[in-house]
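Asker: One structure is given below, represented as structure tokens, and several questions about it will come after.
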Amino acid sequence: MIERDQLMVGSPLVHTSDLDELVAKVNQLMSNHTVAPSRRGAFTAHVDGFQGPGLSMLRLDYGVPLRVRADPLEDYLALCLPLTGSMAVAHKGVSFQAAAEAHGFLGTPDGELVMDWDEQLTLLVLRVEVSDLRRLAARMITGSPGEVDGLTFDPVMDSATVTPAALTQARLLGTLVGTAKDREVNPLAVAQLREQVLGTLLLGQPNSWSRVLRSGAQWHSARSAIRDAAEYIGLHAHEPLSVEGIAQAVALSVRALQAGFRREFGLSPKQYLLQTRLDRAHDELAAAGPGVRVIDVAHRWGFTNAGRFAAAYRRRFSATPSAALSRPTPP
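Just so you know, we're using numbering that gives the first Met the number 0 here: the sequence shown kicks off at 0 and counts up by one.
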């Protein structure tokens, strides 16, 4: 279980004891909804969060039992994960409980969402776009650009697989946001994490395409396309890259891309990308002049954690990044 105070989620967004102000501000972050406290009395609501391209995170703590009635979500899914407390949920004709250390649930565009929060509830929400899910599903199934039709999800999240995976991804995003501090959160890392969240939903959460997605129907790998993908990574290693984006660039399915890289290089596409970025960082450090810092070079090539960069660099080159930086440049 992730404790409420142990999870970094970004900046304070709402801090109020006024119900109308709370609803108005949260409506700007999520779908339109109403909030009806179950008892009279003062309360103080806190909402913290991070909003990135295609992946956002909110932590909501209202400190009072209440009912939330939300309109159908507008072209996004909300992975709702109680950190503390519990709630009763009614969505898509199903009623169930969601609680910390048990079930999370998935809010969808497929109907009204009604939630009864208890006083102890702290709710973490990961928001992803439906269009991103449809595009990734199309790539995984057919290897072709486009979107699948009729993609719908069951609302109850499996306590044994999907809920823990989503919590782990939330913790990673929180760490990424927290360590960025005053700097921009690294878009490479956000894009990679967004792909993980989307993949967790498509392959782990029961949905209308689950059977086809899990079978990997209609995937095909061509050797020339794998070589094209490797070249594409080399040309764009400094940009935000995802496995989905690489597959789309060479007209392969995600599974075909992964199988092809294993066959050709003995690596996954992500491992190949990591090695490429390490090689580029190594070259830049070796050619660097005075005043260049290891952390700046690492960040430029998509590494947000100095310790993990140093460890990966040592595994690849049997040396530290600072050693490459301090090596005299040949005359």
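Every residue gets a Cβ at the ideal spot worked out from N, C-alpha and C, and that includes glycine. Here the structure is a predicted model, which means the values were calculated and not measured.
#1: Could you check where the alpha helix (DSSP H) with residue 297 kicks off and where it finishes?
#2: Does the count of Cβ pairs from the region 30-37 and the region 61-78 closer than 8 Å reach three?
#3: Alpha carbon to alpha carbon, how far is residue 302 from residue 308? Give it in angstroms, no decimals.
#4: From residue 48 to residue 169, what distance separates their C-alpha atoms?
#5: Is the distance from the Cβ of residue 46 to the Cβ of residue 12 below 9 Å?
#6: Taking 9 Å as the threshold (C-beta atoms), are residue 237 and residue 299 in contact?
#7: Helix, strand or coil for residue 289? Go by DSSP, reduced to three states.
#8: Please give the ranges of any alpha helix (DSSP H) in the region 203-266, keeping only runs that are unbroken, at least 4 residues long and fully inside the region.
#9: Output the distance between the C-alpha atoms of residue 369 and residue 224, rounded to the nearest integer angstrom.
#10: DSSP state of residue 43, grouped into three classes?
#11: Would you tell me roughly how many angstroms separate the C-alpha atoms of residue 208 and residue 281, rounded to the nearest one?
#12: Does DSSP classify residue 312 as helix, strand or coil?
#13: Using the Cβ count rule (16 or more neighbours within 10 Å means buried), how would you classify residue 95?
#14: Please state whether DSSP places residue 96 in a helix, a strand or coil.
#15: Could you tell me the alpha carbon to alpha carbon distance between residue 162 and residue 86, rounded to whole angstroms?
#16: Specify the secondary structure class of residue 19 as computed by DSSP and reduced to three states.
#17: Helix, strand or coil for residue 186 per DSSP?
#18: Could you check if residue 216 is buried or exposed, using at least 16 other CB atoms within 10 Å of its CB as the buried criterion?
#19: Between residue 165 and residue 78, which are expected to be in contact by the criterion C-beta below 8 Å, what is the C-beta distance as a whole number of angstroms?
#20: Do you know offhand how far residue 97's Cα is from residue 279's?
#21: So, is residue 243 buried or exposed, given that buried needs 16 or more other C-beta atoms within 10 angstroms?
#22: Hey, is the region 130-143 in contact with the region 194-206, meaning 3+ C-beta pairs nearer than 8 Å?
#23: Here's the rule: buried if 16 or more other CB atoms are within 10 angstroms of the residue's CB, otherwise exposed. What is residue 131?
#24: If you compare alpha carbons, which of 82, 107, 92, 133 is closest to residue 117?
#25: Just verifying my parser: in three-state terms, what is the DSSP assignment at residue 114?
#26: Residue 175: which of 15, 51, 324 sits nearest, CA to CA?
#27: For residue 255, tell me which candidate among 230, 147, 214, 287 has the shortest Cα-Cα distance.
#28: Could you give the DSSP three-state label for residue 156: helix, strand or coil?
Answerer: Working from what's here:
#1: 293-299
#2: yes
#3: 6 Å
#4: 11 Å
#5: Their beta carbons are under 9 Å apart, which means residue 46 touches residue 12 by this criterion.
#6: yes
#7: Per DSSP, reduced to three states, the secondary structure at residue 289 is coil, with no helix or strand assignment.
#8: As far as the region 203-266 is concerned, its whole alpha helix (DSSP H) runs of at least 4 residues are 209-214, 222-235, 242-248, 253-264.
#9: Outside the shown range of the chain (0 to 330) lies residue 369, about which nothing can therefore be said.
#10: coil
#11: Straight-line Cα distance between these residues: approximately 43 Å.
#12: helix
#13: exposed
#14: strand
#15: Roughly 15 Å separates the two Cα atoms.
#16: Residue 19 sits in a helix when the DSSP states are folded into three classes.
#17: Helix at residue 186.
#18: Because residue 216 sits at a pLDDT of 42, beneath the cut-off of 50, its placement in the model cannot be relied upon, and the following sentence gives the value as read from the coordinates. Per the 10 Å Cβ criterion, exposed.
#19: 5 Å
#20: 46 Å
#21: buried
#22: yes
#23: buried
#24: For residue 117, the closest alpha carbon among the candidates 82, 107, 92, 133 is that of 82.
#25: Three-state DSSP puts residue 114 in a strand.
#26: 51
#27: Here the closest residue by C-alpha is 214.
#28: coil
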